[in-house]
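Student: Chains as they are written, first to last, in the working numbering: chain A, 1 to 197; chain B, 1001 to 1197.
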DNA sequence: ATCTGAATATGATATCAATCATATCCTCTT
DNA sequence: AAGAGGATATGATTGATATCATATTCAGAT
């Protein structure tokens, strides 16, 4: 999102996190802007029974946990390293100054928030239809279009059935069966368990 | 959102719309900033079978259809007048200039986008649990906290069971039965069919 | 090549919301 | 006070996904 060199100039610091390490918790107060440099981070809500709902999977270059910077409320979800990762953090006040000094960057952030909202609009309306085939194929199509969680060379989806389940509120078995059905209908391909679309 | 006098100074124009009149359609290109002055507007996705999914119900003072202004994509949902309403429109380019001239206003919009995202995060994680009681009580609690779609004096929810159904992807009968159950549990009150919480 | 753990696969059954049908209530109009 | 239309209510049945159990495949390590 923001150029790493620029972040460093403004005093940002790198941080290494191990797989499954919690970067921040839902409900906690925030004082940093976070951006992923290397690895993968999932942004999740965990309910009382410990079940995770994945709001977004963050890939290198993307920011995360930005809500509190704009509205002063606590984190809306927890960020957990999905694999060993490197993140870069910038102090909240510095981030604000950076936006004030760079109106274009502020517009870029408005665009980012808008795109995240669009994704939520899309997923929400599909989930409301209670049709697994629709939900899953819409999700995969979105990933293909935005080149997220997908190999840009071979179109292999870099997500397990469990992760797709955790993004849609479905169960693994349902996701597995639905993806099989989508293959039968010729809407995607499965090779050694991996999904290509 | 933006002060009406300020909007008028910058050349905005009023427009009256009748109940059920379509203000803009999902997928169409946009050239305006929209704000509701009087009445009520629902922001909806309509699927192939004609079933509506209500993304948000807009109340006086709120803006709507702002996504295209920030990311140049088409409307993500249609806006329909829920009752006879008065809206005010400002040209896209003027809106941009207004934000550039007023950094504080731009920050206020970032906050608005963030709050809308938080709402989507909240609803999405609840819907994913497939538990009508949870979904509905979370939704009503949110409306109570944010003073939306509720009478601030008597806590009467200004939504029909059908509208709650269209916001959660449930069916009217399920919403009716669930709200009854919530009353039995003492979580809300029903008087002559109206919900108080 | 073999082992191991994670991921995928598949069958059987249970469960809860959708669906369909119909009745009652509430509010507004005349 | 009566009528009309929309909203709420409620019972019966269906159907799709969750759940539970277990098997198979795959990728990486030794």
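Quick reminder that beta carbons are idealized off the backbone N, C-alpha and C, glycines included. What you are looking at is a predicted structure, and each value in this text was computed from that prediction instead of being measured.
#1: Count the other C-beta atoms from every protein chain shown that fall within 10 angstroms of the C-beta of residue 124 of chain A, then say buried if there are 16 or more, exposed otherwise.
#2: Pairing CB atoms from the segment 1097–1104 of chain B with CB atoms from the segment 1042–1056 of chain B, are three or more of them under 8 Å?
#3: For residue 1052 of chain B, write down the residues that DSSP places opposite it in a beta bridge.
#4: With distance defined between alpha-carbon atoms, name the residue in A:6, A:28, A:71, A:163 nearest to residue 35 of chain A.
#5: What's the gap between the Cα of residue 1189 of chain B and the Cα of residue 1151 of chain B?
#6: Identify, in the order they occur along the chain, each residue of the same chain with its Cβ nearer than 8 Å to the Cβ of residue 1105 of chain B, setting aside the five sequence neighbours on each side.
#7: Given a threshold of 16 other Cβ atoms within 10 Å of its Cβ, counted over all protein chains shown, does residue 164 of chain A qualify as buried or as exposed?
#8: Output, in chain order, the set of chain B residues within a Cβ distance shorter than 8 Å of residue 101 of chain A.
#9: Shorter than 8 Å from the beta carbon of residue 79 of chain A to some beta carbon of chain B?
#10: Could you name the residues of chain A that residue 1123 of chain B contacts, counting a contact when the two beta carbons are closer than 7 Å?
#11: Name, please, each residue of chain B whose Cβ falls closer than 7 Å to the Cβ of residue 149 of chain A.
#12: Does the CB of residue 1091 of chain B have a neighbour CB from chain A at under 8 Å?
#13: Spell out whether any CB of chain A is found under 8 Å from the CB atom of residue 1160 of chain B.
#14: Any idea what DSSP makes of residue 69 of chain A, helix, strand or coil?
#15: In the DSSP assignment, find the beta strand (DSSP E) that holds residue 36 of chain A and state where it starts and stops.
#16: Kindly list, in the order they appear in chain B, the residues whose Cβ is closer than 7 Å to that of residue 42 of chain A.
#17: So for residue 75 of chain A, helix, strand or coil by DSSP?
#18: Which residues, taken in chain order from the segment 1060–1084 of chain B, show a beta carbon closer than 9 Å to some beta carbon of chain A?
#19: With three or more beta-carbon pairs closer than 8 Å as the criterion, would you say the segment 73–89 of chain A touches the segment 1127–1144 of chain B?
#20: Between residue 1030 of chain B and residue 1074 of chain B, what straight-line distance do the alpha-carbon atoms span, to the nearest angstrom?
#21: List, in order along the chain, the chain B residues whose C-beta lies closer than 8 Å to that of residue 144 of chain A?
#22: Have a look at residue 1011 of chain B and residue 1037 of chain B and give me their C-alpha separation to the nearest angstrom.
#23: Could you give the first and the last residue of the continuous beta strand (DSSP E) run that contains residue 1165 of chain B?
#24: Decide if residue 120 of chain A is buried, meaning its Cβ has at least 16 other Cβ atoms within 10 Å, or exposed.
#25: Within 10 angstroms of its Cβ, does residue 1168 of chain B collect 16 or more other Cβ (buried), or is it exposed?
#26: From residue 117 of chain A to residue 1117 of chain B, what does the alpha carbon distance come to, in whole angstroms?
#27: Taking C-beta pairs closer than 8 Å, name the residues in chain B that residue 32 of chain A reaches, listed in chain order.
#28: Report the three-state DSSP secondary structure of residue 158 of chain A (helix, strand or coil).
#29: Which residues in chain A sit within 8 Å of residue 1128 of chain B, going by Cβ to Cβ distance?
#30: Kindly list the residues whose CB is nearer than 8 Å to the CB of residue 1063 of chain B, restricted to its own chain and excluding five residues on each side of it in sequence; keep chain order.
#31: Return the residues of the segment 106–119 of chain A that lie within a Cβ-Cβ distance of less than 7 Å from chain B, sorted by chain order.
#32: With DSSP run on the structure shown, which of helix, strand or coil describes residue 181 of chain A?
#33: Taking 7 Å as the limit between beta carbons, can you name the residues of its chain near residue 94 of chain A, skipping five residues before and five after?
#34: Drop a sphere of 10 angstroms on the beta-carbon of residue 1180 of chain B, count the other beta-carbons inside from all chains shown, and report buried for 16 or more, exposed for fewer.
#35: Where do the ends of the beta strand (DSSP E) carrying residue 15 of chain A lie?
Tutor: Straight from the coordinates:
#1: buried
#2: no
#3: B:1046
#4: A:6
#5: 14 Å
#6: 1002, 1098, 1099
#7: buried
#8: The premise fails here: residue 101 of chain A is roughly 10 Å from chain B at the closest Cβ pair, so nothing lies under 8 Å.
#9: no
#10: 124
#11: Chain B residues near residue 149 of chain A: none, gap ~17 Å exceeds 7 Å.
#12: no
#13: no
#14: helix
#15: 32–38
#16: Under the 7 Å cutoff, chain B gives no residues; its nearest Cβ is about 13 Å from residue 42 of chain A.
#17: coil
#18: 1066, 1067, 1068, 1069, 1070, 1071, 1072, 1073, 1076, 1077
#19: no
#20: 6 Å
#21: What residue 144 of chain A touches in chain B: nothing, since even the nearest Cβ is about 17 Å away.
#22: 16 Å
#23: Unbroken run through residue 1165 of chain B is the alpha helix (DSSP H), 1161–1168; no beta strand (DSSP E).
#24: buried
#25: buried
#26: 6 Å
#27: By Cβ distance, chain B contributes nothing, its closest Cβ being about 16 Å from residue 32 of chain A, past 8 Å.
#28: coil
#29: 53, 127, 168, 169
#30: 1001, 1002, 1033, 1034, 1035, 1036, 1112
#31: 106, 109, 110, 111, 113, 114, 115, 116, 117, 118
#32: helix
#33: 10, 11
#34: exposed
#35: 13–17
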